[in-house]
Amino acid sequence: MIGLCSGSFANENTCEDDGDIFNPCSIKDTTLRNFISNNFAANTSCIASTAMLESSGVKVPKCGDQEEQLLDNRYPTGGIFFGYYVGMKSGDFIQQLTESASTEGATVNIVVASGELEYFHSMYEKNEKLKNLIDKGGVKIIPVKGVRKGAIKWMQDSMQFTTMDKKVGILQMSQEDEEGRSLDKTIACQIAKACDLPIVQEPISSFDKSVLEDNPQAIGGLRAGGNLEVLPGGVILTGGAYNDDSGVVEFDPMQKEIIESISKKSGQDYVKIDTNFLTVGHADELYNSVKISEEERIRRGLPKECNFLILEASPSKAKEILTRESLSAQEGHSTSDKAPGSGVGSGEMATESASASSAGAAAPIEITKNMDSANQRIYDLLESVQDCKDLTHTKIYDQISRENVPMDSINAKVNEFKCFGLSGFTASEVLLNENLKNQNFGGSELTPFSSRQYMNRERILDKVREASGCQSPPILEVPAMVDGGDFILPDQVNGVTINGKNDGSGSSFLTPSTFYGPFDNYLKDQLDSFGVKTTQVQDIEYHITKGEVHCGSNSALVCKE
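Under this note's numbering, residue 586 is the last one in the sequence shown; the count climbs by one each step, no gaps.
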């Protein structure tokens, strides 16, 4: 290993080092310098090797024949990269991500802008659980230089992990906050240097500015890593704009060149879906996948090729649950008395139900005699809530989440006023809102969310059947609704899948809480029934800036040579 203070962590296969890589020895504050140096990613590997994973009980499947290959979520997770930004006050998500990853043998890396290291260290000092995890060596820190404010937040957009000569490598992608930067100054390149990983740049620099001006969405949308999701069988999923006249999904020139380049080198097929109705327009907003447990695969009579579950954002499932909840309220029944119905199918109809959970009664907010000032502010703010309009994502973020209010306390208020999460609506208002109905379920000249997903599903299933060998790919419909191209509640499909120990268990899945009990309980019950461990996290900081926890992280999957 090259000396820590040499200022160079590159080798001949990575970007040339021109001094842009961060050097911990440049930190003047002794305490901060020691903290960063002791946890600096260059001290150890950012990604667990095949040998490391197998020594901890993880069976690593063999790589494919191609020199480059994008792996799907059935492969074990070797490392997770998470972008810290100043707006993140509590560190709870990092803590929960680290706890889940460490039990599966994966390494967690926190990427921090060099100018924000002091803020990160302050958060570390205040969060005892996170502090313990870092101190035990469960987290590595990668400081990066010269990034613009906000760029580090969306780790999924900066790069795409792949295999290069059957080892982990990086595809350099593009996001709006890094537009115009040379390759050697990007987040992806600095990570490649710190982690000693090979990196290649996809053909995104050959287009002149006039193309960007004609395709403004492509600057931060279609070329970003969030618009590349890999489905079971290695099918590359990407989004574009649906053409009503031709009936096909079309790309702008840059997106087309990138996808075809990756497909040619990897030998993997790709499928285009309609994402143009979304503000961000990334494929990872609509589809994800998890590995199911062997026990559940066998119990359900699924062939070995069908050891996965595709997660699909579904307005139809949202409508079904909302309608049932509305009828239950009218009849005076508790939702705990009614099964949620199945969201599991192979593209056509449901096959099995999972047991229901209660939406949850309004739990009292805990009050202690000697509350500190922060807890007192939280209590006062929650007590001032009068109706659902006082409970929106923006208000909670601005007034409460910065004080690290427990999710249970927020849920208590949501349940008390029968709110539809933190949307400002009551649950009954959502079904009566003509605008929301038209956008999501139909009834106007617009092509609703539900119709777009029906067409997307058909495209996906054809490709997955062929690539995976699973003739009836299981799909779990995850309730979701949009308003003006934005998800009303946090998008639970946009979660982080972690695979690890080969004990027959399924994936671990970290997903945002919607703060609407019937949605949250439905997803957890369904995933639990497939042997998938589910952790729901508070990600309001992401949601109000049009992303979720998957957008804020990036996973390196591992195969064996």
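Positions of the beta carbon are idealized from the N, C-alpha and C atoms, including for glycine.
Within its own chain, the residues whose Cβ lies closer than 6 angstroms to the Cβ of Lys156, once the five positions on either side in sequence are excluded, are Tyr149, listed in chain order. Closest by C-alpha distance to Glu254, out of Ser469, Asp508, Lys151, Cys576, is Cys576.
Here Gly171 carries a coil assignment [DSSP, helix/strand/coil]. Looking at Lys443, Met432, Arg402, the one whose alpha-carbon comes closest to that of Gln411 is Lys443.
The C-beta distance from Leu96 to Cys495 rounds to 17 angstroms, too long to fall under 8 angstroms, and the pair is not in contact. The beta carbons of Ser125 and Ile565 sit no closer together than 9 angstroms. DSSP places Gln185 in the strand class (E or B) of the three-state scheme.
Straight-line measurement puts the Cα of Asp54 at about 43 angstroms from the Cα of Asn313. Between Ile421 and Phe445, the alpha-carbon positions lie close to 14 angstroms from each other. Asp299: member of the beta strand (DSSP E) spanning 295 to 299, first to last residue.
Here Gln91 carries a coil assignment [DSSP, helix/strand/coil]. Following the DSSP letters along the chain, one finds Ala492 inside the alpha helix (DSSP H) bounded by residues 474 to 493. Rounded to whole angstroms, the gap between the alpha carbons of Ser530 and Gly556 is 6 angstroms. Three or more beta-carbon pairs separated by less than 8 angstroms link the segment 298 to 312 to the segment 473 to 484, which places the two stretches in contact. Gln561 is bridged by DSSP to Thr536.
Around the Cβ of Arg173, a 10 Å sphere holds fewer than 16 other Cβ atoms; the residue is exposed. In this model, Val315 and Lys161 are separated by some 29 angstroms (Cα to Cα). Excluding residues up to 5 positions away in sequence, Pro473, Ser475, Ser476 lie with their Cβ nearer than 7 angstroms to the Cβ of Gly467 in the same chain. Straight-line spacing of the CA atoms in Gly259 and Ser74 works out to 21 angstroms. DSSP places Cys444 in the strand class (E or B) of the three-state scheme. Taking the CA atoms as reference points, Glu454 sits about 10 angstroms from Leu461. Contact between the segment 421 to 441 and the segment 540 to 556 is present, with at least three C-beta pairs closer than 8 angstroms. Counting along the chain, Val111 sits inside no beta strand (DSSP E), nor does DSSP assign it H or E at all.
Each residue's CA atom was taken as its position, placing Lys414 and Tyr100 some 44 angstroms apart. Within the segment 257 to 338, the complete beta strand (DSSP E) runs of at least 3 residues fall at 260 to 268, 273 to 275, 295 to 299, 312 to 316. Residues Ile105, Phe106, Phe107, Gly108, Leu122, Met180, Gln181, Val521 of the same chain have their beta carbon placed closer than 8 angstroms to that of Ser578, with the five preceding and five following residues left out of the count. Selection Val503, Cys220, Gly171 evaluated against Ile195 yields Cys220 as nearest (Cα-Cα).
Boundaries for Lys161: no alpha helix (DSSP H) harbours it, and the DSSP string shows neither H nor E there.
Annotation: the continuous alpha helix (DSSP H) that includes Ile216 extends over 212 to 220. Judged by their CB atoms, Ser127 and Leu158 are nearer to each other than the 9 angstroms cut-off. In the three-state reduction of the DSSP assignment, Ala581 falls in the strand class. Between the C-alpha atoms of Met198 and Leu208 there is a straight-line separation of about 10 angstroms. The C-beta separation of Ile485 from Val296 comes to about 6 angstroms, placing the pair in contact by the 8 angstroms criterion. Take Val518, set aside five residues on each side of it, and the residues of its chain with a beta-carbon closer than 6 angstroms to its own are Asn313, Leu336, Ala338, Val503, in chain order.
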